[in-house]
Amino acid sequence: ATITDASQVASKTFDYVIVGGGTAGLVVASRLTENPNVSVLVLEAGISDEGIFQIQVPFLGPTVLPNTPLDWNYTIVPQAGMNGRTFAYPRGKLLGGSSSANYLFHQYGTDEDWNRLGSVSGDAGWSWSNMKKYVQKHEKFTPPVDGHNTTGQFIPKLHGFNGLTSVSLPGASTPLDPRVINATQTSSEYPFNQDMSGGDHSLLGIGWLQSSAGGGVRSSSSTSYLAPANSRPNLTVLVNATVMKLIQTGTKNGVPSFKSVQFGSSPGTGSTPGGGAPTTVSAKKEVILSAGSVGTTQILQLSGIGNQRDLQAVKIKTIVNSPKVGYNLGDHTLLPNLYNVQPGSSFDDFLRDPNQINDAVNQWVTTKTGRLANNVVNNFGFARLPRNATIFKKNKDPAPGPKSPHWEVIFGNFWFNPGIPQPSTGDFLVVVSVLLNPTSRGTIKLKSNNPFDKPLIDPNYLTTDLDIFTMRESVKSINRFLAEPTLSNYVVSRFGDNFVSADDDSSIDAYVRSLTTTIFHPVGTASISSKNSNNGVVNPDLTVKGADGLRVIDASVFPFVPSSHTQGPVYLLAERASDIIKAAKY
Ligand SMILES: Cc1cc2nc3c(=O)[nH]c(=O)nc-3n(C[C@H](O)[C@H](O)[C@H](O)COP(=O)(O)OP(=O)(O)OC[C@H]3O[C@@H](n4cnc5c(N)ncnc54)[C@H](O)[C@@H]3O)c2cc1C
Numbered sequence: 001a002t003i004t005d006a007s008q009v010a011s012k013t014f015d016y017v018i019v020g021g022g023t024a025g026l027v028v029a030s031r032l033t034e035n036p037n038v039s040v041l042v043l044e045a046g047i048s049d050e051g052i053f054q055i056q057v058p059f060l061g062p063t064v065l066p067n068t069p070l071d072w073n074y075t076i077v078p079q080a081g082m083n084g085r086t087f088a089y090p091r092g093k094l095l096g097g098s099s100s101a102n103y104l105f106h107q108y109g110t111d112e113d114w115n116r117l118g119s120v121s122g123d124a125g126w127s128w129s130n131m132k133k134y135v136q137k138h139e140k141f142t143p144p145v146d147g148h149n150t151t152g153q154f155i156p157k158l159h160g161f162n163g164l165t166s167v168s169l170p171g172a173s174t175p176l177d178p179r180v181i182n183a184t185q186t187s188s189e190y191p192f193n194q195d196m197s198g199g200d201h202s203l204l205g206i207g208w209l210q211s212s213a214g215g216g217v218r219s220s221s222s223t224s225y226l227a228p229a230n231s232r233p234n235l236t237v238l239v240n241a242t243v244m245k246l247i248q249t250g251t252k253n254g255v256p257s258f259k260s261v262q263f264g265s266s267p268g269t270g271s272t273p274g275g276g277a278p279t280t281v282s283a284k285k286e287v288i289l290s291a292g293s294v295g296t297t298q299i300l301q302l303s304g305i306g307n308q309r310d311l312q313a314v315k316i317k318t319i320v321n322s323p324k325v326g327y328n329l330g331d332h333t334l335l336p337n338l339y340n341v342q343p344g345s346s347f348d349d350f351l352r353d354p355n356q357i358n359d360a361v362n363q364w365v366t367t368k369t370g371r372l373a374n375n376v377v378n379n380f381g382f383a384r385l386p387r388n389a390t391i392f393k394k395n396k397d398p399a400p401g402p403k404s405p406h407w408e409v410i411f412g413n414f415w416f417n418p419g420i421p422q423p424s425t426g427d428f429l430v431v432v433s434v435l436l437n438p439t440s441r442g443t444i445k446l447k448s449n450n451p452f453d454k455p456l457i458d459p460n461y462l463t464t465d466l467d468i469f470t471m472r473e474s475v476k477s478i479n480r481f482l483a484e485p486t487l488s489n490y491v492v493s494r495f496g497d498n499f500v501s502a503d504d505d506s507s508i509d510a511y512v513r514s515l516t517t518t519i520f521h522p523v524g525t526a527s528i529s530s531k532n533s534n535n536g537v538v539n540p541d542l543t544v545k546g547a548d549g550l551r552v553i554d555a556s557v558f559p560f561v562p563s564s565h566t567q568g569p570v571y572l573l574a575e576r577a578s579d580i581i582k583a584a585k586y
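For the sequence shown, mature numbering (1 follows the signal peptide of the UniProt record, and there is no 0) gives the first residue as 1, with consecutive numbering after it.
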């Protein structure tokens, strides 16, 4: 059951204590408690997701974060590659974690992403030939809410129909859809792609978005994995519980064991800010860190597991000197390229009109159909730099293989520019470009040894020639695509001074650096590396190097950002990790 009172678990021991009831954490909790003889406690800092309207309605996805009570409200340090700008770095803080608060794009990365993980880790079990079976276990492909004929919009054999998380094609069409899809018939750079889920089917080209929603409602790890498991007597989920650190509980085979967890009530939920006296719980078998790329990194460091120099700087005694904790932070960037389009041809007036929005809300409440039952966009796609691009004379191709994309394009027929409100007039097209295989790497470090202080997050975006080159080429490529016949008579002009004047390489670079932010896919700060390598934080079975009784299962273990949106890869990772734990001997 989900409980809010820490005294119900204080000083108790469970087989497994999972830190973080987010995307990965709830998959693992659900799978481990399939065995009635195994007891699991989940500690989640945020609140329950139950009954929160905004997170259930797919169209409202982009409004859940940032800067709401459901967000960790992080801000990144000023970015040298972005004119010294700083901006919000949202992370879901509620059951389901970021899967309860994200934009619902659902895909699995490419087979080449997984095969690279298999080879970097030295564990072929991470390769696509083994991982693909987890799509069937995870996914429940569901008809769209408008009941339209989906033939030709996806490839059934790539999907699971009996898994737990609902995934569906768009359930409300937009006037932009035929323009984009028809443009793929004439574009040589962006051919039509019949299925955008990835794996061994190429992501290149443009096709129909698949969203983590079913019946017009968001499907998160909470609604899909926790809900069917939450009545099990062997599963306890405590919310409002911020884990402060892990406690060493002795040693095994000469390495320190970390089987106790100290937590306080989350700020704002207890009688004392930050929670009063901390509570301790213990695990018989393992503690599993699933607090996400930021939370897991922070907890490792607070527990004395990290880079000795960094820990010394904040007066934390090093128990395991693990130099790569908090390093290798990789993320995808988001550039909202905005265009003025023909008057009356966008959703901007809908978004400005409270009466139309009220009608849409009523329709969603009564029938779970209509605009709000759908994601905010219907079409997106992926592209690569040409093999002979000049940048490859001095730089290695950063993609995991020749079929994997370098950037993504996302089409929305409305104003979208995170942090900048919609203008009071005008009709807009946004084509977001996303850098997929960044070579810039950043860090997450503690600001102090206070667990309630926000860490210093430095993604170090756009600091390599390759990254800025790729973003620049993505902008040029989008402009070329918009010149295709079905779009050229729709797009009136570029929007924004920097974009209007972005006509040569240096002005495009200036434009990119002035407007790019994040698409929220941080990974890599607790990377997997092979068993005997020190160039990582966890072993191929996700146990923490140099520690006993501790595993990390979340996005932080991916050494490279997958070439797609990241929730699908996290779900598959957590499914396999659950199998690894089930097979472990203690
Ligand atoms: C705004 C936004 C939009 C996104 N859009 C998409 C999208 O459309 N498609 C897609 O595929 N991906 C998207 N992503 C990314 C995707 O959601 C994440 O990569 C994925 O959900 C990460 O899963 P995780 O398990 O690593 O972490 P999370 O799901 O973030 O889970 C971490 C959990 O740990 C909890 N926690 C953290 N610290 C502590 C602590 N000290 N004590 C207790 N609990 C703690 C958190 O509250 C959270 O519940 C988006 C992310 C965001 C933030």
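Don't be surprised by glycine CBs; every beta carbon is placed ideally from N, CA and C.
Look at residue i and residue j and say whether their C-beta atoms are less than 8 Å apart.
| i | j | result |
| --- | --- | --- |
| T33 | R352 | no |
| D548 | V255 | yes |
| V27 | V325 | no |
| I288 | I580 | no |
| A24 | A229 | no |
| S345 | D465 | no |
| S293 | T525 | yes |
| F416 | A183 | no |
| L210 | F161 | The question names Leu, yet the displayed sequence has Gln at residue 210. Taking 8 Å as the Cβ cut-off, Q210 and F161 do not qualify as a contacting pair. |
| L487 | N498 | no |
| G125 | K531 | no |
| V243 | L43 | yes |
What residue does the beta strand (DSSP E) around residue i start on, and which one ends it?
| i | result |
| --- | --- |
| I206 | G205 to W208 |
| K245 | A241 to I247 |
| G264 | S260 to S265 |
| R494 | V491 to R494 |
| V341 | T333 to V341 |
Hey, is residue i close to ligand 1, as in C-beta under 7 Å from one of its heavy atoms?
| i | result |
| --- | --- |
| Y103 | yes |
| residue 590 | No answer is possible for residue 590: the residues shown for the chain start at 1 and end at 586. |
| residue 590 | The displayed coordinates of the chain run from 1 to 586. Any statement about residue 590 would go beyond what the structure contains. |
| P90 | yes |
| Q567 | yes |
| S98 | yes |
| S290 | yes |
| K93 | yes |
Whole angstroms is fine: what's the gap from residue i's alpha carbon to residue j's?
| i | j | result |
| --- | --- | --- |
| F192 | N378 | 14 Å |
| T13 | V365 | 42 Å |
| I519 | L372 | 22 Å |
| S188 | L334 | 24 Å |
| Q8 | V64 | 31 Å |
| P273 | I420 | Its pLDDT being 49, under 50, P273 is placed unreliably by the model, and the measurement read from it follows with that caveat. Going from the Cα of P273 to the Cα of I420 covers about 32 Å. |
| S578 | R551 | 11 Å |
| H435 | D467 | His is not the amino acid found at residue 435; the sequence shown has Leu there. One C-alpha to the other measures close to 7 Å. |
| T165 | K137 | 9 Å |
| Y339 | S493 | 6 Å |
| L238 | A10 | 11 Å |
| Y327 | K259 | 25 Å |
| E484 | G401 | 29 Å |
| R116 | S424 | 47 Å |
| D458 | S448 | 16 Å |
| Y571 | S477 | 32 Å |
| L329 | G20 | 20 Å |
| N450 | N130 | 41 Å |
Quick check on DSSP: helix, strand or coil for residue i?
| i | result |
| --- | --- |
| P273 | Bear in mind that the predicted position of P273 carries a pLDDT of just 49, short of 50, making it unreliable; the figure below should be weighed with that in mind. In the structure shown, P273 sits in coil (DSSP, three-state: anything other than H, G, I, E or B). |
| Y511 | helix |
| I410 | strand |
| E44 | coil |
| S290 | coil |
| N355 | helix |
| N374 | coil |
| S231 | coil |
| E139 | strand |
| P156 | helix |
Tell me the residue span of the alpha helix (DSSP H) that contains residue i.
| i | result |
| --- | --- |
| A399 | Where A399 is concerned, there is no enclosing alpha helix (DSSP H), given that its DSSP letter is neither H nor E. |
| A383 | From DSSP, A383 is part of no alpha helix (DSSP H) but of the beta strand (DSSP E) over N379 to A383. |
| V537 | Per DSSP, V537 belongs to no alpha helix (DSSP H) and is neither H nor E. |
| L95 | Careful: L95 lies outside any alpha helix (DSSP H) and carries neither H nor E. |
| S168 | Element bounds for S168: not the alpha helix (DSSP H) but the beta strand (DSSP E), T165 to S168. |
Is residue i close to chain C? Criterion is C-beta to C-beta, closer than 8 Å.
| i | result |
| --- | --- |
| A584 | Checking the listed chains, one finds no chain C in this structure; it contains a single protein chain. |
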